[in-house]
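First the structure, in the form of structure tokens, and then the observations on it.
2 protein chains.
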Amino acid sequence: MRSGLSRFCDHCRRTLGRRSKSTAIKRLLDSPQSSATVTAWVRSVRKQKRVAFAELNDGSSSTNLQAVLTPEHAVQLNTGTSITASGSLVRSQGTGQSVELQVDDLIVLGHCDLDEYPIQKKDTSMAFLRKIPHLRPRTATFADVLRARHRLVQRAHTFLEEQDYLHVHPPVITSSDCEGAGQVFSVSEPSKSTPTDVIGSGPPSNFFGRPGFLSVSTQLHLEALAASLGRVWTLAPTFRAERSDTSRHLAEFWMLEAESVCDSLQGLMDDVEQLILAMVSAVPDLPLSPALLAKPARWPRITYARAIELLVAEQDQKQTFSTSVKFGSDLSSEHEKWLAEVHARSPIFVHDYPAELKPFYMKRLEAAQTAECFDLLVPHIGELAGGSLREDDLGRLQLRMEQDGMNLDAYAWYLDLRRYGSTPHGGFGLGFDRLIAWLTDTANLRDVVAFPRSLEASRC
Amino acid sequence: MRSGLSRFCDHCRRTLGRRSKSTAIKRLLDSPQSSATVTAWVRSVRKQKRVAFAELNDGSSSTNLQAVLTPEHAVQLNTGTSITASGSLVRSQGTGQSVELQVDDLIVLGHCDLDEYPIQKKDTSMAFLRKIPHLRPRTATFADVLRARHRLVQRAHTFLEEQDYLHVHPPVITSSDCEGAGQVFSVSEPSKSTPTDVIGSGPPSNFFGRPGFLSVSTQLHLEALAASLGRVWTLAPTFRAERSDTSRHLAEFWMLEAESVCDSLQGLMDDVEQLILAMVSAVPDLPLSPALLAKPARWPRITYARAIELLVAEQDQKQTFSTSVKFGSDLSSEHEKWLAEVHARSPIFVHDYPAELKPFYMKRLEAAQTAECFDLLVPHIGELAGGSLREDDLGRLQLRMEQDGMNLDAYAWYLDLRRYGSTPHGGFGLGFDRLIAWLTDTANLRDVVAFPRSLEASRC
Chain A
2 MRSGLSRFCD
12 HCRRTLGRRS
22 KSTAIKRLLD
32 SPQSSATVTA
42 WVRSVRKQKR
52 VAFAELNDGS
62 SSTNLQAVLT
72 PEHAVQLNTG
82 TSITASGSLV
92 RSQGTGQSVE
102 LQVDDLIVLG
112 HCDLDEYPIQ
122 KKDTSMAFLR
132 KIPHLRPRTA
142 TFADVLRARH
152 RLVQRAHTFL
162 EEQDYLHVHP
172 PVITSSDCEG
182 AGQVFSVSEP
192 SKSTPTDVIG
202 SGPPSNFFGR
212 PGFLSVSTQL
222 HLEALAASLG
232 RVWTLAPTFR
242 AERSDTSRHL
252 AEFWMLEAES
262 VCDSLQGLMD
272 DVEQLILAMV
282 SAVPDLPLSP
292 ALLAKPARWP
302 RITYARAIEL
312 LVAEQDQKQT
322 FSTSVKFGSD
332 LSSEHEKWLA
342 EVHARSPIFV
352 HDYPAELKPF
362 YMKRLEAAQT
372 AECFDLLVPH
382 IGELAGGSLR
392 EDDLGRLQLR
402 MEQDGMNLDA
412 YAWYLDLRRY
422 GSTPHGGFGL
432 GFDRLIAWLT
442 DTANLRDVVA
452 FPRSLEASRC
Chain B
2 MRSGLSRFCD
12 HCRRTLGRRS
22 KSTAIKRLLD
32 SPQSSATVTA
42 WVRSVRKQKR
52 VAFAELNDGS
62 SSTNLQAVLT
72 PEHAVQLNTG
82 TSITASGSLV
92 RSQGTGQSVE
102 LQVDDLIVLG
112 HCDLDEYPIQ
122 KKDTSMAFLR
132 KIPHLRPRTA
142 TFADVLRARH
152 RLVQRAHTFL
162 EEQDYLHVHP
172 PVITSSDCEG
182 AGQVFSVSEP
192 SKSTPTDVIG
202 SGPPSNFFGR
212 PGFLSVSTQL
222 HLEALAASLG
232 RVWTLAPTFR
242 AERSDTSRHL
252 AEFWMLEAES
262 VCDSLQGLMD
272 DVEQLILAMV
282 SAVPDLPLSP
292 ALLAKPARWP
302 RITYARAIEL
312 LVAEQDQKQT
322 FSTSVKFGSD
332 LSSEHEKWLA
342 EVHARSPIFV
352 HDYPAELKPF
362 YMKRLEAAQT
372 AECFDLLVPH
382 IGELAGGSLR
392 EDDLGRLQLR
402 MEQDGMNLDA
412 YAWYLDLRRY
422 GSTPHGGFGL
432 GFDRLIAWLT
442 DTANLRDVVA
452 FPRSLEASRC
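Same order as they appear, the protein sequences are chains A and B.
If you're matching positions, the first sequence starts at 2 in the numbering used here and goes up one per residue.
If you're matching positions, the second sequence starts at 2 in the numbering used here and goes up one per residue.
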């Protein structure tokens with residue numbers, strides 16, 4: 002009976018919307034008007050003898066609108082109920098809100114059976130909420146994360162526009178493995194003759210005339226576009242079939258990647274720092290924002306060699322690390338975190354890694370045998386962004402690729418970029434989900450992504 | 002020898018950038034200054050006895066900057082050469098440009114052997130350029146398309162922000178086929194034991210614990226997010242393993258999808274029209290823009306039933322169509338194009354299709370046996386966007402899904418959205434590549450996408 006209580010016939014529903022147009026709660030809070038209609042969800046309700054109060058949220062703002070109701074109106078309401086409410090907007094007599102809606106007219110759009118509703122006060126642990134990704138945006142915490150993501154995206158667009166970057170859409174399906182790590186997902190056309198549950202076991206797909214993979218980075222394609230457009234960027238999904246089931250890894254994640262004609266690694270680091278601070282300024286109320294915005298000083302920049310010195314000294318004195326530290330080895334996650342959390346107590350750039358640790362495309366400083374590259378390390382997260390100047394000399398690039406045993410034919414198009422009007426250029430990639438996790442001080446990446454994809458987890 | 006002619010040692014290169022900072026040509030044209038340094042590509046060069054002229058482009062603007070050079074400087078230059086040029090910026094004496102750069106100092110960054118360079122005046126057909134996607138952004142036509150795409154994306158972001166829509170990132174890898182058309186790509190982890198060339202033939206991947214597909218639409222996930230955030234949108238890659246090798250199909254394409262709490266199909270159509278006109282206003286110099294912006298009148302809206310009447314009358318009179326027209330059948334591409342090109346001579350909305358032609362999630366008007374949905378048809382392209390109100394009643398939705406023989410367990414999460422605080426809601430999807438093809442009057446979708454993916458084509 003309940004689910005039919007306030008459903009409408011087609012006619013009613015068609016005329017309902019015309020009776021009074023709903024206003025976003027955000028608008029009402031920003032510029033109050035004398036009367037209003039809102040369509041929203043009840044986040045909580047307090048029923049007293051003569052009056053009831055409901056906290057209404059329509060997603061437009063993290064601030065709820067308090068509604069003042071009669072006990073009769075409130076009978077049908079509990080957490081999760083969706084309603085359309087009309088009334089007068091008055092200065093609130095209580096604390097915690099500037100205005101409140103004194104409801105004259107109320108329509109229940111959708112009931113919510115509180116006995117069955119999984120979003121309960123008693124269990125809102127992140128681990129529990131991860132099991133109901135389709136419902137967890139209804140919690141204030143998660144909705145705040147999604148609104149922060151929105152603001153960061155918007156600010157990235159406006160900031161990079163100001164810097165003359167063009168937004169581009171490189172391909173998601175590729176035929177190359179940019180990072181050469183071999184952790185790519187394969188894309189194929191399901192064989193029509195096999196049932197769905199054994200998809201993947203059919204003959205090799207030949208849809209593209211060659212194997213298709215999901216992109217691990219858009220960099221190589223961005224380089225092609227930068228060779229014509231000068232400055233390009235994208236915010237795009239990237240993929241790793243990495244069997245690392247940690248709080249810092251996802252199989253599908255969004256990366257902000259930019260590529261430009263440039264010849265200075267220091268300039269690239271400036272760009273990354275300024276971009277991040279610009280984005281943070283759009284969400285000044287996040288846990289980490291105040292500290293970042295209060296500090297006008299440039300984030301520290303040290304060479305890889307210096308980082309190793311610091312880590313070796315720390316290890317000699319305090320045996321801090323479980324993995325070994327030595328020149329020529331990659332920094333492990335614990336080393337990266339120590340540099341940011343303990344040594345710098347701020348984001349820190351580590352640059353000029355040994356060339357042999359880095360992919361073929363990075364520009365080398367021959368004398369030092371280092372690559373002109375950097376990683377940006379931040380507290381709690383470790384690597385947040387990485388970038389480099391790219392090898393723009395055809396001869397040098399070919400030599401490096403031959404040394405690495407790569408198939409030059411497969412990269413003929415990439416070599417062409419150095420063959421015809423090559424320029425010094427470079428770029429960076431910034432893990433967008435990691436950025437959000439860092440700024441919101443969220444421990445697990447799965448808790449900043451609406452529908453996380455990771456090892457053995459693609460529910461919904 | 003040539004390729005080494007003007008390469009720099011590490012030291013030179015590191016100091017080069019500091020000598021003089023390049024300014025984007027767009028900036029110079031917008032607000033001229035007395036002297037400037039630009040880094041750009043030579044688009045063409047005219048060498049005379051005492052003076053030479055080069056058209057320089059750095060991607061920031063479709064307008065070139067004319068450089069005035071000495072014959073000595075010009076010796077090293079031809080189409081495709083990349084340079085850094087410094088000099089004074091003076092009012093141009095010639096026609097076609099307001100300012101020109103009188104070059105004092107010139108560095109060749111990268112030569113371009115014109116004998117080998119594939120971008121030649123003699124063959125710039127779209128079909129030829131499609132074979133060199135990594136170089137074709139260097140043509141003025143294609144770079145213009147990419148700049149138009151950028152402007153449309155930027156305007157979508159600002160316009161939808163004004164409308165209180167939040168930008169979200171739904172998943173690309175899904176476990177469901179939203180449209181039920183079965184043309185999904187399968188995602189799997191390549192078997193480590195098989196060589197790369199037979200990827201796909203290994204055992205079924207169990208990376209996600211269930212089959213993984215590439216999303217054909219983000220709608221179902223957007224619905225979950227709209228049920229908390231009210232208004233959400235995304236611009237995301239979507240995929241179809243459709244073996245239609247036509248000029249209007251791609252295996253990978255970007256879709257702008259939006260979902261909101263709303264109860265009026267007419268309102269949804271308003272939203273789509275206003276969004277498109279807002280985007281067009283950001284690129285007023287495209288072939289179609291002037292006509293669209295000059296017309297303040299609302300685009301025509303007709304029911305499917307009326308569309309069939311018109312098509313039948315046309316067919317009876319002139320035998321225009323090769324496919325049959327009858328009530329209850331889907332409109333074919335030629336029918337859609339005729340409605341927009343011949344009947345309306347403008348974009349046209351066709352709404353209220355027979356429910357049985359449309360997917361399970363669309364709201365039905367029981368009395369008329371129609372779905373509350375629309376397609377937006379435009380000249381030359383046909384379907385550009387489609388949208389509907391969604392069935393928000395749990396009982397009705399379940400019944401429809403059972404009738405369609407769907408697995409309700411797999412969609413339990415989707416049904417939950419109607420179980421807990423359901424609201425009337427709806428949304429639309431707009432083919433972003435088709436929009437660009439339409440506005441730029443480009444015949445083949447492959448020619449508006451940087452690296453198109455289609456049947457047997459994923460070069461680069």
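Even glycine gets a Cβ: it sits at the ideal position worked out from N, Cα and C.
Endpoints, alpha helix (DSSP H) assigned at residue i
i	result
serine 93 (chain A)	First-last for serine 93 (chain A): undefined, no H or E at that position.
leucine 161 (chain B)	141-163
isoleucine 1 (chain B)	Here chain B comprises residues numbered 2 to 461, so residue 1 (chain B) is not present and cannot be evaluated.
alanine 68 (chain A)	Unbroken run through alanine 68 (chain A) is the beta strand (DSSP E), 66-70; no alpha helix (DSSP H).
tryptophan 339 (chain B)	334-339
methionine 402 (chain A)	395-404
methionine 270 (chain B)	266-282
Cβ-Cβ distance between residue i and residue j below 8 Å
i	j	result
glycine 387 (chain B)	glycine 430 (chain B)	yes
glycine 231 (chain A)	valine 262 (chain A)	yes
threonine 441 (chain B)	leucine 287 (chain B)	yes
leucine 107 (chain A)	serine 423 (chain B)	no
tyrosine 166 (chain A)	tryptophan 255 (chain A)	no
glycine 100 (chain A)	arginine 92 (chain A)	Going by the sequence as given, residue 100 (chain A) is valine instead of glycine. Yes.
phenylalanine 186 (chain A)	leucine 221 (chain A)	no
cysteine 461 (chain B)	histidine 135 (chain B)	yes
aspartate 57 (chain A)	alanine 37 (chain A)	One detail in the question is off: residue 57 (chain A) reads as leucine in this sequence, not aspartate. No, the Cβ-Cβ distance between leucine 57 (chain A) and alanine 37 (chain A) is not below 8 Å.
alanine 341 (chain A)	isoleucine 349 (chain A)	yes
leucine 66 (chain B)	isoleucine 26 (chain B)	yes
valine 326 (chain B)	glutamine 316 (chain B)	yes
phenylalanine 433 (chain B)	leucine 236 (chain B)	yes
leucine 390 (chain A)	leucine 312 (chain A)	no
arginine 397 (chain B)	histidine 352 (chain B)	no
Selected residue, minimal CA-CA separation from residue i, among the options
i	options	result
leucine 456 (chain B)	B:Ala128, B:Arg241, B:Arg47, B:Leu294	B:Arg241
threonine 80 (chain B)	B:Phe54, B:Glu73, B:Phe208	B:Phe54
glycine 1 (chain B)	B:Phe361, B:Leu226, B:Leu366, B:Asp393	This structure gives no information on residue 1 (chain B), because the portion of chain B shown stretches from 2 to 461.
arginine 44 (chain B)	B:Leu115, B:Ser89, B:Lys50, B:Asn408	B:Leu115
glutamate 392 (chain A)	A:Trp414, A:Leu366, A:Ala413	A:Leu366
leucine 70 (chain A)	A:Ser61, A:Leu90, A:Asp59, A:Ser63	A:Leu90
serine 275 (chain A)	A:Thr125, A:Glu190, A:Trp300	In the sequence as displayed, the identity of residue 275 (chain A) is glutamine instead of serine. Per the Cα distances, A:Trp300.
aspartate 59 (chain B)	B:Ala283, B:Val281, B:Ser23, B:Arg156	B:Ser23
glutamine 399 (chain B)	B:Ala369, B:Lys364, B:Ile382	B:Lys364
Contact set between residue i and chain A, taken where Cβ atoms lie within less than 7 Å
i	result
isoleucine 349 (chain B)	The premise fails here: isoleucine 349 (chain B) is roughly 22 Å from chain A at the closest Cβ pair, so nothing lies under 7 Å.
tryptophan 255 (chain B)	His170
glycine 428 (chain B)	Result: empty, since nearest Cβ-Cβ is about 14 Å, beyond 7 Å.
Within chain B, the residues that residue i reaches when beta carbons sit closer than 9 Å
i	result
arginine 139 (chain A)	Ala228, Ser229, Tyr421, Gly422
tryptophan 414 (chain A)	Ile133, Pro134, His135, Leu136, Arg460, Cys461
leucine 456 (chain A)	Phe208, Phe209, Gly210
Contact set between residue i and chain B, taken where Cβ atoms lie within less than 8 Å
i	result
arginine 299 (chain A)	Neighbours of arginine 299 (chain A) on chain B: none; closest Cβ ~17 Å, over 8 Å.
Residue span of the beta strand (DSSP E) that contains residue i, given as start and end
i	result
tryptophan 414 (chain B)	Note, tryptophan 414 (chain B): premise wrong, no beta strand (DSSP E); alpha helix (DSSP H) at 413-420.
isoleucine 349 (chain B)	349-352
histidine 426 (chain A)	426-432
glycine 111 (chain A)	100-111
glutamate 384 (chain A)	383-390
glutamate 190 (chain B)	Taken as a continuous stretch (DSSP letters only), glutamate 190 (chain B) belongs to no beta strand (DSSP E), as it is neither H nor E.
leucine 236 (chain B)	232-240
Contacts of residue i in chain B (Cβ-Cβ under 7 Å)
i	result
serine 83 (chain A)	Gly422, Ser423, Thr424
proline 360 (chain A)	Neighbours of proline 360 (chain A) on chain B: none; closest Cβ ~18 Å, over 7 Å.
tryptophan 42 (chain A)	Gly422
Interface partners of residue i on chain A, CB under 8 Å
i	result
glutamate 162 (chain B)	Gln155
Inter-stretch contact (C-beta, 8 Å, three-pair minimum) for the region 376-396 of chain B and the region 330-339 of chain B: yes
Validate contact between the region 435-454 of chain B and the region 145-153 of chain B using beta carbons, cut 8 Å, 3 pairs: The answer is yes - the region 145-153 of chain B touches the region 435-454 of chain B, with three or more Cβ pairs under 8 Å.
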